[in-house]
Each structure stands twice: as structure tokens, then as C-alpha cells.
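Read through the structure below, which is laid out as C-alpha cells, and then see the notes.
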Amino acid sequence: MTTHDTTIATFRVHPFPAEALECARAGEDASGNPPALIVAEGGEPLRCCLRDAEPGEELLLFGYEPPLPASPYREIGAVLAHARPCEGPAALDRYPAGWYGRPQVLRAYDARGWIHDATRVHDGQDPEGVIAAMLARPGVVEIHSRNVAYGCYMFTITRPDTPHEDA
Ligand SMILES: [Zn+2]
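Heads up, the sequence shown is in our numbering, so the first residue is 582 and it goes up one at a time.
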């Protein structure tokens with residue numbers, strides 16, 4: 582068994598696209614609507630830095646369309662990010678530290694951008710093993726982590742060598 586400190590990367594976490602952050606910070610989201618400026622209560626999951634917000638941080642709530650091939654399954658949903666330029670995630674070769682133990686939907690997609698039936702609700706335990714098993718399924722090319730009740734997009738995971746729009 583391995584711990585998340587020593588796990589060899591079998592997947593890559595993709596950073597939130599800089600272009601989408603810049604557009605939101607400039608005042609326009611994926612639907613052309615202005616983002617909402619809010620002050621964090623603490624614990625809001627930040628897609629830019631892949632950590633929870635500290636109380637008092639200024640955030641933008643805005644619509645985002647995760648990149649997928651042209652597909653009926655493309656969708657725009659709400660995400661939270663820092664209102665101003667920020668540091669970004671600590672690491673992209675491992676599961677985000679704050680997401681261990683956090684229930685998520687791991688939604689798998691195929692090369693067409695259609696939802697793949699490897700999709701599952703994940704309890705946050707052993708994400709390395711769960712993700713490796715999902716990526717081993719024929720046809721799975723990427724996985725989107727989303728929260729369970731609201732369904733909001735968190736981040737994208739691929740095999741380490743898979744090209745992706747943000748790369
Ligand atoms: Zn940030």
C-alpha cells in the first residue's frame with residue numbers, strides 16, 4: 582500500500598484554464614454573464630488553487646464550461662475562484678490534498694466527450710486506486726471531479742501523457 586505522500590503519479594490533475602480565469606476576472610463568464618463577487622465564509626472549494634478558501638478571501642462565483650470535444654454532454658456550471666491573480670495549485674501530479682475523504686462524483690468521459698459508464702460516486706477514500714481503475718477501463722480518456730449534491734465541476738484528471746486543452 583502507498584500513502585498519498587509517496588504515490589507515483591498515475592494520473593495528472595489539470596489546472597483551471599488561465600484563459601477562463603482571466604475572462605471571469607475581466608467581468609464575463611462562459612455565458613457572457615458577470616461573475617458574482619463574494620467574500621468567503623471559509624471552506625469554499627477554489628478551482629484556481631485546488632484548496633478550500635480561508636474566511637474573508639474575495640472570490641468570484643461564475644459559470645464555466647469544462648473543455649470537452651463537441652458533445653451533447655458539454656455543460657456550463659458554477660465554479661468559485663479567487664477574484665484576483667493567485668498562486669494556483671500546489672501540485673498537479675497527485676490528488677489535491679484537500680479532496681481526500683471528500684465525497685465526489687468522478688464522471689468519466691470517452692474520446693467523443695460523452696459520459697462513460699465508469700462514472701461513479703466516490704467517497705474520497707483511496708482516490709489513487711479508484712482513479713487508476715477508472716482510467717484502466719477501455720474508452721475512458723478523462724475524469725471530471727464534481728461535488729455530489731450541487732454537481733459543480735472541481736477539476737479534470739487524465740492519464741499523465743494525455744494531451745488536454747489546458748496543456
Ligand atoms: Zn486561487
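Backbone N, C-alpha and C fix where the C-beta goes; we use that ideal spot for every residue, glycine too.
{"Item": "Neighbourhood of Phe597 by C-beta, 6 angstroms cutoff - its chain only, sequence neighbours within 5 removed", "Value": "Arg628 and Cys629"}
{"Item": "Ala662 - containing beta strand (DSSP E), residue span", "Value": "Gly658 to His663"}
{"Item": "Other residues of its chain near Ile712: CB distance less than 8 angstroms, five sequence neighbours each side excluded", "Value": "Thr591, Phe592, Tyr676, Leu687, Ile724 and Ile738"}
{"Item": "DSSP bridge partner residues for Pro598 (one or two, in chain order)", "Value": "None; Pro598 has no bridge partner."}
{"Item": "Ligand 1 site residues, beta-carbon cut 7 angstroms against heavy atoms", "Value": "Leu627, Cys629, Cys630, Ala662, His663, Cys667, Glu668 and Gly669"}
{"Item": "Delimiting residues of the beta strand (DSSP E) encompassing Ile712", "Value": "Not the beta strand (DSSP E): Ile712 falls in the alpha helix (DSSP H), residues Pro708 to Leu716."}
{"Item": "Distance between beta carbons of Ala601 and Leu640, contact taken as under 8 angstroms", "Value": "Actually they do not touch by this definition, with Cβ atoms about 15 angstroms apart."}
{"Item": "Residue of Arg655, Gly679 and Ile657 minimising C-alpha distance to Glu635", "Value": "Gly679"}
{"Item": "Spatial distance of Gly613 from Val660 (CA atoms)", "Value": "15 angstroms"}
{"Item": "Residue from Asp707, Ser726 and Met735 whose Cα sits closest to the Cα of Gly682", "Value": "Asp707"}
{"Item": "Short Cβ contact (8 angstroms threshold) for Phe643 with Ala605", "Value": "yes"}
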